[in-house]
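To start, the structure under review is shown below, and the notes come after it.
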Amino acid sequence: MGKDEGKLKRKEYEDLLDPLEEELVGMARWARVTGQRIVVLFEGRDTAGKGGAIRAVSERLNPRQCRIVALSKPTEAEQTQWYFQRYVAHLPSEGEIVLFDRSWYNRAGVERVMGYADEAQVDAFLDQTPVFEKMLVDDGILLFKYWLTTDQANQEERLRERLGDPLKRWKLSPIDLAARHKYAAYTQARAAMLRATHTDHAPWTLVDFNDQKRGRLTLIRDLLDRLPDTRCEPDPIEFPELGTEPLVEDYSVLQPIAPYPIAG
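Residue numbers are given in UniProt numbering: position 253 of the sequence shown equals residue 253, and the series is strictly consecutive.
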C-alpha cells in the first residue's frame with residue numbers, strides 16, 4: 001500500500017469538515033451566551049499535527065473570542081516563578097475559548113526528555129498537576145486534554161518535508177532534530193505523565209494523527225460530543241434596504257496601488 005493510500009483526500013476531508021465547522025461556530029455562540037470558559041490543550045510529538053488541528057478548530061471562530069496560546073521558552077524571570085504561573089495568565093475569561101499549542105505539560109515531555117528539568121522538578125509537577133487542574137475544573141472551566149500520536153516513520157517523513165519546503169522550514173528547529181533519536185524516551189515520558197495526570201476530573205484523550213486529516217475530524221467530533229447541548233440560535237438581525245444607490249469608493253486624496261498582475 002502506498003503511503004497515501006487509505007488516507008483522506010482533500011475534497012473528502014473538506015466535505016466532512018464543513019458540518020463540524022458549523023457545530024464549532026454554534027459551540028462558540030453558546031459559550032458567549034452562557035459565559036462558559038473552555039480550555040483545550042494540544043500536546044503530542046513534533047510533527048504530529050498540533051498546528052493543523054488548532055487551525056481546524058479555530059479557523060471559523062471569532063479570534064476575539066477564541067485565542068491561541070503558544071508560549072516560547074520561559075524568560076529568566078519566569079524560571080523563578082511558580083511553574084504554572086505563566087500559563088494561568090492566559091486562562092479564559094467569561095465566554096472565551098483558549099487553545100494551548102503545548103501547555104504546562106512541557107515539563108512532563110520535552111523538558112524531561114531533553115534534560116531541561118530534573119527529576120525532582122518533574123516529580124513535583126506530576127504531583128501538583130492533578131490538584132491544579134482540579135482547581136480549574138472546580139471553578140467551572142471546561143478542560144480538554146488531547147495528545148496527538150504519530151508513528152516514527154511518519155515523523156521522519158514530515159521532518160524531511162519541513163527540511164525541503166521553504167514554507168515549512170521555520171518549523172524545523174535543532175530541538176526537533178535532537179529529538180529524532182528520543183522517540184522511545186518520549187513514549188516512556190508520556191506513559192509516566194498519563195499515569196499521574198489522567199484523572200476523572202481532567203482525563204486525557206489520545207488521537208491517532210498518522211492521517212492528520214482524519215485525526216482532526218476525530219478530535220473535533222470528540223470535543224463537540226463531550227460538551228453539553230450547545231444548540232443556541234443566533235440573535236436575529238434586521239437587514240433593512242439601503243434606501244439609496246450603493247456608492248463607489250472615492251480616491252480624491254490617494255489612489256490605490258496597482259492590482260496584482262495576472263497573466264492571460
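Cβ atoms here follow ideal geometry from the backbone N, Cα and C, with glycine treated the same way.
Would the beta-carbon of residue i fall within 9 Å of that of residue j?
i	j	result
T205	K145	yes
residue 276	A56	This structure does not reach residue 276, given that the chain is present from 1 up to 264, and the question cannot be answered.
A53	F209	yes
L136	L126	no
I38	I141	yes
V113	A179	yes
D99	C66	It is Leu, not Asp, that sits at residue 99 in the sequence shown. Result yes, Cβ atoms of L99 and C66 sit closer than 9 Å.
residue 267	M27	The structure shown has nothing for residue 267, since the chain only spans 1 to 264.
For residue i, name the three-state secondary structure that DSSP assigns.
i	result
G2	Here G2 scores only 45 on pLDDT, less than 50, and its place in the model should not be relied on; the value that follows carries that caveat. Of the three classes helix, strand and coil, the one that applies to G2 here is coil, per DSSP.
T129	helix
A263	coil
I54	helix
E245	coil
G49	coil
W204	strand
L194	helix
D44	Note that residue 44 is Gly in the sequence shown, not Asp. In the structure shown, G44 sits in a strand (DSSP, three-state: E or B).
R112	helix
D229	coil
D123	helix
Locate the alpha helix (DSSP H) running through residue i, then write down its first and last residues.
i	result
residue 332	There is no way to answer for residue 332, as the model of the chain reaches only from 1 to 264.
Y146	Taken as a continuous stretch (DSSP letters only), Y146 belongs to no alpha helix (DSSP H), being part of the beta strand (DSSP E) at 142 to 149.
V253	Note, V253: premise wrong, no alpha helix (DSSP H); not H, not E.
R86	85 to 88
Q79	76 to 79
Which stretch, first to last residue, makes up the beta strand (DSSP E) that contains residue i?
i	result
G215	Not the beta strand (DSSP E): G215 falls in the alpha helix (DSSP H), residues 212 to 226.
D176	Not the beta strand (DSSP E): D176 falls in the alpha helix (DSSP H), residues 174 to 178.
L159	First-last for L159: 152 to 164, but that is the alpha helix (DSSP H), not the beta strand (DSSP E).
Leaving out five residues on either side along the sequence, give the residues of the same chain with a beta carbon under 7 Å from the beta carbon of residue i.
i	result
M1	In this predicted model, M1 has a pLDDT of only 42, less than 50, meaning its place in the structure is not dependable; the value taken from the coordinates is given anyway. Around M1: no qualifying Cβ.
I257	none
Check the Cβ-Cβ distances between residue i and every residue of chain C, and say whether any is below 9 Å.
i	result
A89	The structure shown contains no chain C, having only a single protein chain.
For residue i, which residues from the same chain have a beta carbon less than 6 Å from its beta carbon, with the 5 sequence-adjacent residues on both sides left out?
i	result
Y87	W104
key: Inter-stretch contact (C-beta, 8 Å, three-pair minimum) for the stretch 53 to 72 and the stretch 10 to 27   = yes
key: Stretch pair the stretch 39 to 48 + the stretch 145 to 159: three plus CB contacts closer than 8 Å   = yes
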